[in-house]
Amino acid sequence: MNAPLLPVAAASTSGADLLLWVAFPYACLAVFVVGHAWRYRQDQFGWTSRTSQLFEHRWLRWAGPLFHLGAFMVIGGHVVGLAVPDTWTEAAGISEHAYHTTAVWAGSVAGVAMVTGLGMLCARRLLTRPIRLGTDRSDKVLFPLLSATVLLGLSATATHNVFGPGYDYRCTVSVWFRGVFTLQPQPDAITGAPLLFQLHALTACLLFAAWPFTRLVHVWSAPIGYLARPYIVYRRRAVPTAAARAATGGNRRAPHPGRTR
Amino acid sequence: MASGETTVGPRGEAAVGRVMAQVAMVMNLDKCIGCHTCSVTCKQTWTNRTGVEYAWFNNVETKPGVGYPRRYEDQEHWKGGWMLDRRGRLVLRSGGRVKRLLSLFSNPDLPSIEDYYEPVTYDYDNLVSAPAGPDFPVAQPRSVLTGRPTPITWGANWEDGLGGAGEHAGADPNLSGAWAEKVRFEFEQTFLFHLPRLCEHCLNPACVSACPSGAMYKRVEDGIVLVDQDRCRGWRMCVTACPYKKVYVNHATGKAEKCTFCFPRIEAGQPTVCSETCVGRLRYLGLLLYDADRVGEAAATPDEKDLLDAQRGVFLDPHDPDVIAAARDSGIPEDWLEAARRSPVYDLVMRYKVALPLHPEYRTLPMVWYVPPLSPVLDAVDAAGGNQDDPDHVFAAVTRLRIPLEYLAELFTAGDTDVVGGVLMKLTALRSFMRERTLGEDGDESVLKAVGLTTREAEDLHRLLAVAKYADRYVVPAAHKEDAAALTAVENRCPVESSGGAEDPGGGRVMLGIPTLRRKKTGDRP
Ligand code: HEM
Ligand code: SF4
Ligand code: SF4
Numbered sequence: 168m169n170a171p172l173l174p175v176a177a178a179s180t181s182g183a184d185l186l187l188w189v190a191f192p193y194a195c196l197a198v199f200v201v202g203h204a205w206r207y208r209q210d211q212f213g214w215t216s217r218t219s220q221l222f223e224h225r226w227l228r229w230a231g232p233l234f235h236l237g238a239f240m241v242i243g244g245h246v247v248g249l250a251v252p253d254t255w256t257e258a259a260g261i262s263e264h265a266y267h268t269t270a271v272w273a274g275s276v277a278g279v280a281m282v283t284g285l286g287m288l289c290a291r292r293l294l295t296r297p298i299r300l301g302t303d304r305s306d307k308v309l310f311p312l313l314s315a316t317v318l319l320g321l322s323a324t325a326t327h328n329v330f331g332p333g334y335d336y337r338c339t340v341s342v343w344f345r346g347v348f349t350l351q352p353q354p355d356a357i358t359g360a361p362l363l364f365q366l367h368a369l370t371a372c373l374l375f376a377a378w379p380f381t382r383l384v385h386v387w388s389a390p391i392g393y394l395a396r397p398y399i400v401y402r403r404r405a406v407p408t409a410a411a412r413a414a415t416g417g418n419r420r421a422p423h424p425g426r427t428r
Numbered sequence: 084m085a086s087g088e089t090t091v092g093p094r095g096e097a098a099v100g101r102v103m104a105q106v107a108m109v110m111n112l113d114k115c116i117g118c119h120t121c122s123v124t125c126k127q128t129w130t131n132r133t134g135v136e137y138a139w140f141n142n143v144e145t146k147p148g149v150g151y152p153r154r155y156e157d158q159e160h161w162k163g164g165w166m167l168d169r170r171g172r173l174v175l176r177s178g179g180r181v182k183r184l185l186s187l188f189s190n191p192d193l194p195s196i197e198d199y200y201e202p203v204t205y206d207y208d209n210l211v212s213a214p215a216g217p218d219f220p221v222a223q224p225r226s227v228l229t230g231r232p233t234p235i236t237w238g239a240n241w242e243d244g245l246g247g248a249g250e251h252a253g254a255d256p257n258l259s260g261a262w263a264e265k266v267r268f269e270f271e272q273t274f275l276f277h278l279p280r281l282c283e284h285c286l287n288p289a290c291v292s293a294c295p296s297g298a299m300y301k302r303v304e305d306g307i308v309l310v311d312q313d314r315c316r317g318w319r320m321c322v323t324a325c326p327y328k329k330v331y332v333n334h335a336t337g338k339a340e341k342c343t344f345c346f347p348r349i350e351a352g353q354p355t356v357c358s359e360t361c362v363g364r365l366r367y368l369g370l371l372l373y374d375a376d377r378v379g380e381a382a383a384t385p386d387e388k389d390l391l392d393a394q395r396g397v398f399l400d401p402h403d404p405d406v407i408a409a410a411r412d413s414g415i416p417e418d419w420l421e422a423a424r425r426s427p428v429y430d431l432v433m434r435y436k437v438a439l440p441l442h443p444e445y446r447t448l449p450m451v452w453y454v455p456p457l458s459p460v461l462d463a464v465d466a467a468g469g470n471q472d473d474p475d476h477v478f479a480a481v482t483r484l485r486i487p488l489e490y491l492a493e494l495f496t497a498g499d500t501d502v503v504g505g506v507l508m509k510l511t512a513l514r515s516f517m518r519e520r521t522l523g524e525d526g527d528e529s530v531l532k533a534v535g536l537t538t539r540e541a542e543d544l545h546r547l548l549a550v551a552k553y554a555d556r557y558v559v560p561a562a563h564k565e566d567a568a569a570l571t572a573v574e575n576r577c578p579v580e581s582s583g584g585a586e587d588p589g590g591g592r593v594m595l596g597i598p599t600l601r602r603k604k605t606g607d608r609p
């Protein structure tokens, strides 16, 4: 099934499809990668979750965990559903039916949690005036785009897989998705997919393009290292010599390497 | 003799470990007139920006009173500082590492803006632009958070001078013991004092320990605790962990900010802005050398009432040759050792032991100490028809007047009234002895002896507390030149540099994610 389609211009693919399902995704990915590199180098100071808990905590108490836990499950689901070919799961002895049932159930729970959480986050953002006034341009792009992506994804699943006859995106959308990453783009795989799936894929591409320019960069700073480091962090003003480092037990962060201004 | 008053050789015979130096502060509370100059100059220097309008790196609160943010001392509620778990290990009160990461998405113990207060500005423009009319135009208050007119209902020192204390001061978390009823009933006649507060630059900082990103750190050279603005990711766990609530969220940048101990001034050998501008001249700055290897052990001292002695045990005598040798090994420069020997802070904390830490029971080993106020006691003597100038009357008041003593003990000694009482006795003895001297008499040395002072020491302490000049109050050695290049490199992100506010037109470094002009109508200053 992975017959190489390079060079891309397979005869049957229209120019519009090439643009939408090859050029556009690659452009978005390029912006994603370059954007992150640029922002990481240029804007450490802006790299934050931009907490708004100071202004509103009652809704956040529920919305924060709901949204985030939902998001983690949804991301996990996408990794399994998109990146893992169906032949692999079948080889692992998981039948298409079993896979499908689990996916629909787990996906629905995760999706609903994420949507509820996101809905509440948006609501508090709109209703709490200090938060609304503190909503900047990047948020005004992020929240609608994130909501659109999540809602399209959820309605695609609901329409076709929960209430509909069932649609096996693993033979179409997933093939296209993997094609993008294996550098063997297969635009044809997705052109026949239902509209909701196509729109979901396109908004997701946009979301990835916007990612580095929004507060979503906080995702890459998940502080796992905290579990292992000593509680008290000492730092020297001066760049320590090896001897001084030993003298202070090495329990100290080196000065930030990337910034010398 | 009170337990804190024994003449401890602080270290016993244990070997000296890693020596670090700390620029520490002592405040003599008797002299604070509650003018708030320190708060205002600090604000003008550090927090007159969008995002930190509500933050006071230095604030002055009235005691008894609920404090700022409201009831911050109630750690059952706010979960600040450290505690001992059932097995006697030192743990952050807000929970362990895993729990902290799990509560990232919504911090269950974060004060909200109402716990501080809603910052306002005024419609000054109305004063000049209002049309002519029969009434005087007024400048209405406007919230800087919403841009709307708002009534002012709370502030950083709402019960200033006990105003409204009848309504609020009962909520002071220090008024918890059985004795508190009496205070609640009587304190309007008996006592009031001001408590200026800033970050304690703790030896065992809970804020640093709770920071998931490792963005907060304690400087090896001078002990100043800072937030690396480039590394902070806005997880806001430090705010909860600090029992003194001296880390603030900048709501415009989404990053934590805190008192910097005016490190650029300290590095230049100058006092902090709050010290420099203190009207009462009650602040002292100087070095304390400490044994960094014994910090954890001291903070885990089982009995809260022993924490004061435990912390004093971590401090090192800068005159002791062993200490000097160990300090040299640890890379402390000679001029710093010399400054440590001249440190007024060392004298007040270690030699005369008249300074006490604020809430040692939080176990962060705070480094801003206080000489407890004698004036409430003197007022009480007056109120009881006694004579302030008669040491016997004052001694009697110190021991018998349960009211201020227990309250002060709650603040400074984890409830140990003997220690606070001992300090107040010392101050009383000093006062009466020096008074007699000033009136041309010899002075009664037996009074001094009773509190463990010689005549020389009394004169010394009196000079330090009453007449010390600028150079005696602030003994701050400049940072070393050879470190200077690295200095600007590491601390390049001074919080005022990028305000995220309107005054940042070039925007330079803050390119994304920061609102430029948030509230056009309200002006951009609190
Ligand atoms: C990797 C682990 C993550 C951590 C530790 C984390 C943590 C946080 C924190 C602390 C906030 C600020 C909440 C507040 O106080 O206002 C936040 C906000 C947010 N996070 Fe995450 N997050 C993570 C992953 C993600 C992921 C995977 C997404 C979505 C793809 C996401 C989307 C958001 C959004 C949209 C907000 C803004 C909420 C609002 O202010 O309305 N986060 N996150
Ligand atoms: S007082 Fe200062 S150093 Fe101590 S825990 Fe609070 S912020 Fe940290
Ligand atoms: S400036 Fe000095 S006297 Fe005035 S409030 Fe501050 S500490 Fe007290």
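Chains C and S, in that order, are what the protein sequence lines are.
Numbering (my numbering) for the first sequence: 168 to 428.
Numbering (my numbering) for the second sequence: 84 to 609.
Ideal Cβ positions, reconstructed from N, Cα and C, are used throughout, including at glycine.
Beta-carbon proximity list for S/Arg-153, same chain, < 6 Å, skipping 5 on both sides: Same-chain partners within the cutoff: Asp-198.
Partners in chain S for C/Arg-396, counting only beta-carbon separations shorter than 7 Å: Residues of chain S passing the Cβ test: Gly-297.
CB contact below 9 Å: S/Cys-282 versus chain C: No - not a single Cβ of chain C is within 9 Å of the one on S/Cys-282.
Sufficient close CB pairs (3 or more, under 8 Å) joining the region 135 to 144 of chain S to the region 383 to 401 of chain S: no
Host alpha helix (DSSP H) of S/Asp-543 (start-end): 538 to 545
Alpha carbon of C/Pro-407 to alpha carbon of S/Val-99, nearest angstrom: Confidence at C/Pro-407 is low in this model, with a pLDDT of 43, below 50, so its placement is unreliable and the value that follows should be read with caution. Taking the straight line joining both Cα atoms gives about 22 Å.
Minimum Cβ-Cβ distance from S/Asp-208 to chain C less than 9 Å: no
Beta-carbon spacing of C/Ala-315, C/Phe-364 below 9 Å: In this structure, C/Phe-364 does not lie closer than 9 Å to C/Ala-315 by Cβ.
Per DSSP, cross-strand counterpart(s) of S/Gly-369: S/Ala-107
Three CB pairs or more closer than 8 Å across the region 450 to 466 of chain S and the region 277 to 290 of chain S: yes
The alpha helix (DSSP H) enclosing S/Val-502, as first and last residue numbers: 500 to 521
Below-9 Å beta-carbon distance, S/Lys-301 vs any chain C residue: yes
Candidates S/Val-181, S/Glu-156 and S/Asp-473, of which the one nearest S/Ser-259 by Cα: S/Glu-156
Close beta carbons around C/Ala-183, own chain, < 8 Å, minus the five adjacent residues each side: none
DSSP three-state assignment for C/His-264, whether helix, strand or coil: helix
Of the listed residues S/Arg-170, S/Thr-128 and S/Cys-125, nearest to S/Pro-385 (C-alpha basis): The alpha carbon of S/Pro-385 has as its nearest neighbour, out of S/Arg-170, S/Thr-128 and S/Cys-125, the alpha carbon of S/Arg-170.
CA nearest to the CA of S/Tyr-435, picked from S/Ala-381, S/Val-558, S/Leu-544 and S/Ile-196: S/Leu-544
Chain C within 9 Å of S/Ser-259, Cβ atoms only: Output row for S/Ser-259: interface = no.
Where S/Lys-328 falls: helix, strand or coil (DSSP): coil
Test: S/Asn-142 CB closer than 9 Å to a CB of chain C: no
Proximal residues to S/Ile-415 (C-beta, below 7 Å), its chain only, five neighbours per side dropped: Val-102 and Ala-104
Runs of alpha helix (DSSP H) lying entirely within the region 193 to 270 of chain C, each at least 4 residues, in chain order: 225 to 245 and 253 to 258
Distance CB(S/Ser-212)-CB(C/Ala-230) smaller than 9 Å: no
Limits of the unbroken alpha helix (DSSP H) element including C/Ala-315: C/Ala-315 -> alpha helix (DSSP H) spans 304 to 324.
C/Gly-278 CB to nearest heavy atom of ligand 4 below 8 Å: In terms of ligand content, the structure shown lacks ligand 4 and carries ligand 1, ligand 2 and ligand 3 instead.
DSSP-derived helix/strand/coil call for S/Val-534: DSSP, read as helix, strand or coil, puts S/Val-534 in coil.
Cβ-Cβ distance between C/Leu-233 and C/Leu-312 below 9 Å: no
DSSP bridge partner residues for S/Ser-426 (one or two, in chain order): According to DSSP, S/Ser-426 bridges with nothing at all.
Any chain S beta carbon closer than 9 Å to C/Arg-403: yes
C/Val-386: CB within 8 Å of a non-hydrogen atom of ligand 1: yes
Other residues of its chain near S/Ala-289: CB distance less than 7 Å, five sequence neighbours each side excluded: Gly-163, Gly-164, Trp-165, Leu-175, Ala-324, Cys-325, Pro-326 and Thr-447
C/Ser-219: CB within 8 Å of a non-hydrogen atom of ligand 1: yes
Selection of the region 307 to 337 of chain S by Cβ proximity to chain C, strictly under 8 Å: Shown in chain order are the members of the region 307 to 337 of chain S whose Cβ falls below 8 Å from a Cβ of chain C: Asp-311, Gln-312, Asp-313, Arg-314, Cys-315, Arg-316, Gly-317, Trp-318, Arg-319, Val-332, His-334, Ala-335, Thr-336 and Gly-337.
Positions along the region 188 to 219 of chain C whose CB lies within less than 8 Å of some CB in chain S: Correct list: Arg-206, Gln-209, Asp-210, Gln-211, Phe-212, Gly-213, Trp-214, Thr-215, Ser-216, Arg-217, Thr-218 and Ser-219.
Validate contact between the region 253 to 266 of chain C and the region 296 to 308 of chain C using beta carbons, cut 8 Å, 3 pairs: no
Among S/Asn-257, S/Glu-359 and S/Pro-147, nearest to S/Asp-555 - alpha-carbon criterion: S/Glu-359
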